[in-house]
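To start, the structure under review is shown below, and the notes come after it.
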Amino acid sequence: MSRIFPILHFIRDPSGEHPLKLEILLESVERLILHEETIPENLEELRESFRRSSYFWHPIIVDRESRVVLDGMHRVASLREMGYRYIPILTIDAMDPHVRLERWIRCYALSGDVNIPRVIEEGGFTPEVECRGEGEKLIRKASLREPPRGEFRVIDTFGGVMYRLEVSSEDPVEVYSKIRGLELTLEEEAGETRYSTESSMLEGFRMQGLSTFVVPPRLTKEEVFQAAREGKLFCPKATRFVLPVRVMFVNTPIYLLEESEMDWEERNRIHYMVLRQRRLFKIEGNVDIDRRYEEPYLYLFE
Amino acid sequence: MLAEPTVVIYGIEGYTPAVEPPLRRRLKEMERREDLLKVQWRILREEGRLIVIIMHLKERDVRPLARRFEGEINSLMEGRGERCRLKMMLTATITRPIPTPEDQYLLERFYRIVKERREKPLDGSRSTPEGVGEEGLLIIYYLYMLGRREEREVVEDLYPIFQLEPSEVKRILEVLLEKGLVRREGERYRLTWEGLSLIEELSSELFALAEKEVNLEITRYLLAPTGRIEEFRWEDAVEDLISSGVSLKDAVRCVKAALHNLPEGGYIPVRYLQWELKQALDALDPTGRLSTKYTFFKQPQEYLTVEREGRRYPLTEEVLVEEVLKRLPQGRYLCSSEVLENMIKHLSSVIRHTHMETVPTSFLQEDQEIILPYEELVETIEGFLKRYLPYRELTRGREPPEAAMVVLKDSMHYFHRTLVLLETDPETALKYLLKAFKTLTEAELLSSGVHPTFSMSKNLKMLLNLLERSGVRETTELYSGVLSLYRRYKRKRTILERDEDLIARGQSRAKELELYLRSKGA
């Protein structure tokens, strides 16, 4: 009997119907490769949640070939720390063109009297004015045109300025690490960093009083996988993999993840039989559940 | 197949664990009050921040229900001074009906049996047209079960079970078209008469209930859809089938056939077993009556719907608890949770058995209801309680000593009859003796404010429990002796030796109790 729960999801694109293979299974936490650092407070929160729960709700998302974790870094790290052996994963071919790699915009609600160029300098960068204009126009412009390699942008909507910042490194991990330094400096002024998608930047500016945005450079999938293979970790919130589909509510019993005499095959056989007894719904995505799920389709287990 | 349903997801932001118990209670209440017959809800705590409730309903029911649902839950939160609010986060219509887990299992089973047949062909079995392999037959069976389907749907539905690649499905469909077994209607494929007759003949041959030799003694485990594991007892499966109207011989045959057909390995998915037993019953009785009864027997709450003043709600355990509690004497007498639980279990079983005879003879649909008028339910509960709690009427409005005295008089009379008949008719004397102790035990319980049940052994155990705490050694010994006598009687239906001492001690205890009750004003 099969031990892996497969799903074949069709994506309609200009070239026709494109099949995307997904697999749900339990995988050893040690086999998974993280590519981002974790945030200790988030780990503690997750640990607390796992201690209370008898089920693991949503599978983490992993590249099928390399076992690099695309989504669920904190969940893997928490389970490792708590001594669990396995975790439910959803595998996908990350190199599929329908799997997009996006970035997280760092957003801050600063008061008008904060001197942004000075904060940028404190963060270790030299600000160069790229252009001036109204906040909304600057936000749109930043999304439309990418800066040259080795540069990224900071938008100060109070001052009406978009700054260009140069990073003297070719290594994307190091670039992001320096941006993390700036992030922490800005956090001292604003109290917290909020992370938003590019499409939500305008909404944050209009509705949530966000005034300053750090727009990091885009990464490529190859850069992320190369770094992961070399054992390097990006700073938290460096990557945002957007998938064409997501699977939720697998509700894996925690006992299948714990250290025990049960081997991988037996655990997966049980897991598979548990899933096969439940109805699977496919619904249209782009919805808010506990957060926004941008995936066009969601599969939910009953 | 269900009608195309809608999934609704609710979220409660900023909830605290304290909200959960009242929320669960309210949801259960609503479940029966608001016709939420086919709503499946659950509360998930995710990362300590959120409760998600998934409801699975028919589309037409969503809007009005959602309004009532949100209103009720939010007023509950406000009433408790909680800051969290329920918000509908997602309403999505399922993109298309997909095969249910049962459909998927049957497809898998069909494919397994077809492949086995290739290895061990049956004598005189129908040969399949040339070029139509097992996968071809599988697609024919799929179209037979699920009706017209687009090529993409065939691929999407079959891939999770068989990993048939899209190109392979395309090739097989072309072969089936060429052989005249399927035809195209626009984008969809459907079976031709030829295809239909092939599959009907083949499936009746493949699924015939053959005698299977299965070792029933191997340890197997039942695996629930929640992941819970418990040891499988084949006797339980046989018992369920017997309760559904199957003879012992056929029940054992069905269980063996089911175990033979189940995928190998020590785990038996609970639902797979039920589906297999249904298939075996259908092979035994092609009218479907037996499998219908079995389906009902396994999940009566899925079908039984109470109708009261134009409203309908499912007959859940909570409904029974509420109806029973309404009819119990309040205040003066104790009815422990264990007794209540046991009572509900018996009552459910009574209702289930009563309705086994009226289950429709056609196949039960998932959304089919068996209507149970409220008046009929009340009559059943009342009748049951009279048997289960024999002195319910007696204790209504009476103080415990007074009620106990009435029963004690009966007991004393039975002791007297025992002594009169002891020499001449020992068999009848024994029956009177047991009656005497049964009523004496009941009088003891009533005098302590505990409601006796219909079960003598349960009453004796409750009484011994009370006596152990009060530390009256002689009385404890007396009732331990009675329990042992009762057990002997139940086992052998006869008394092994005369125990005149026990009779004398019983009579003496009855007199003591009489004096005590008088001192309490009875």
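Taken in sequence, the protein lines are chains B and R.
In terms of this note's numbering, the first sequence opens at residue -10 and continues consecutively.
In terms of this note's numbering, the second sequence opens at residue 26 and continues consecutively.
Glycine is no exception: its CB is placed at the ideal position from the N, C-alpha and C atoms.
All figures in this text were calculated on a predicted structure; none of them were measured in a lab.
How far does the alpha helix (DSSP H) with residue i in it reach, from first residue to last?
{"i": "S495(R)", "result": "M481 to S495"}
{"i": "C360(R)", "result": "Unbroken run through C360(R): none, as it is neither H nor E."}
{"i": "P161(B)", "result": "P161 to A179"}
{"i": "F180(R)", "result": "Note that residue 180(R) is Val in the sequence shown here, rather than Phe. That run of the alpha helix (DSSP H) goes E176 to F187."}
{"i": "Y97(B)", "result": "Premise fails: Y97(B) lies in the beta strand (DSSP E), I94 to Y97, not in any alpha helix (DSSP H)."}
{"i": "V263(B)", "result": "W253 to R265"}
{"i": "K434(R)", "result": "P425 to L446"}
{"i": "H476(R)", "result": "Unbroken run through H476(R): none, as it is neither H nor E."}
{"i": "M84(B)", "result": "Counting along the chain, M84(B) falls outside any alpha helix (DSSP H), and DSSP gives it neither H nor E."}
{"i": "R209(R)", "result": "Unbroken run through R209(R) is the beta strand (DSSP E), V207 to E210; no alpha helix (DSSP H)."}
{"i": "Y169(R)", "result": "E159 to L171"}
{"i": "R129(B)", "result": "G124 to L133"}
{"i": "K221(B)", "result": "Careful: K221(B) lies outside any alpha helix (DSSP H) and carries neither H nor E."}
{"i": "K195(R)", "result": "P191 to E203"}
{"i": "P106(B)", "result": "I105 to E111"}
With 8 Å as the threshold, decide whether the Cβ of residue i is near any Cβ in chain R.
{"i": "Q266(B)", "result": "yes"}
{"i": "R258(B)", "result": "yes"}
{"i": "F(-6)(B)", "result": "yes"}
{"i": "E250(B)", "result": "no"}
{"i": "F(-1)(B)", "result": "yes"}
{"i": "L9(B)", "result": "no"}
{"i": "K226(B)", "result": "no"}
{"i": "P242(B)", "result": "yes"}
{"i": "E298(B)", "result": "With chain B covering -10 to 291 only, the question about residue 298(B) has no answer from this structure."}
{"i": "E192(B)", "result": "no"}
{"i": "E30(B)", "result": "no"}
{"i": "P285(B)", "result": "no"}
{"i": "E25(B)", "result": "no"}
{"i": "M262(B)", "result": "yes"}
Less than 8 Å between CB atoms is the rule here; does residue i satisfy it with respect to chain B?
{"i": "A547(R)", "result": "no"}
{"i": "G211(R)", "result": "no"}
{"i": "Y504(R)", "result": "no"}
{"i": "G161(R)", "result": "no"}
{"i": "E181(R)", "result": "yes"}
{"i": "A28(R)", "result": "Because A28(R) carries a pLDDT of 40, less than 50, the predicted location of this residue cannot be relied on, and no value is offered for it."}
{"i": "P126(R)", "result": "yes"}
{"i": "R530(R)", "result": "no"}
{"i": "R245(R)", "result": "no"}
{"i": "I123(R)", "result": "yes"}
{"i": "Q304(R)", "result": "no"}
{"i": "Q326(R)", "result": "no"}
{"i": "L101(R)", "result": "no"}
{"i": "R296(R)", "result": "yes"}
{"i": "Y292(R)", "result": "yes"}
{"i": "Q188(R)", "result": "yes"}
Using the DSSP secondary-structure output, state which residues sit across from residue i in a beta bridge.
{"i": "K536(R)", "result": "None; K536(R) has no bridge partner."}
{"i": "S17(B)", "result": "Y75(B)"}
{"i": "H285(R)", "result": "Answer by DSSP bridge pairing: none, since H285(R) is not bridged."}
{"i": "I293(R)", "result": "L247(R)"}
{"i": "M381(R)", "result": "According to DSSP, M381(R) bridges with nothing at all."}
{"i": "Y416(R)", "result": "According to DSSP, Y416(R) bridges with nothing at all."}
{"i": "V234(B)", "result": "Y286(B)"}
{"i": "T405(R)", "result": "Partner(s): none; T405(R) has no beta bridge."}
Could you please give the first and the last residue of the uninterrupted beta strand (DSSP E) stretch that includes residue i?
{"i": "S185(B)", "result": "R183 to S185"}
{"i": "R253(R)", "result": "From DSSP, R253(R) is part of no beta strand (DSSP E); its letter is neither H nor E."}
{"i": "E155(B)", "result": "V150 to E155"}
{"i": "D145(B)", "result": "E140 to D145"}
{"i": "R213(R)", "result": "R213 to L216"}
{"i": "T330(R)", "result": "L329 to R333"}
{"i": "F214(B)", "result": "Note, F214(B): premise wrong, no beta strand (DSSP E); alpha helix (DSSP H) at K210 to R218."}
{"i": "I272(B)", "result": "L269 to E273"}
{"i": "I396(R)", "result": "I395 to P398"}
{"i": "V203(B)", "result": "T201 to V204"}
For the stretch 355 to 365 of chain R against the stretch 473 to 480 of chain R, do three or more pairs of beta-carbon atoms, one drawn from each stretch, fall closer than 8 Å, so that the two count as touching? yes
Between the stretch 337 to 354 of chain R and the stretch 407 to 419 of chain R, do three or more beta carbon pairs fall short of 8 Å? yes
Specify whether the stretch 61 to 80 of chain B and the stretch 15 to 30 of chain B touch according to this definition: at least 3 beta carbon pairs, one from each stretch, less than 8 Å apart. yes
Could you pull out every unbroken beta strand (DSSP E) segment of at least 3 residues lying fully inside the stretch -4 to 77 of chain B, listed in chain order? 5 to 17, 49 to 52 and 58 to 60
Taking 8 Å as the cut-off, does the stretch 299 to 306 of chain R touch the stretch 315 to 334 of chain R (at least 3 CB pairs, one atom from each stretch)? yes
Using a Cβ distance threshold of 8 Å, determine whether the stretch 235 to 254 of chain R contacts the stretch 279 to 295 of chain R, with at least three qualifying pairs required. yes
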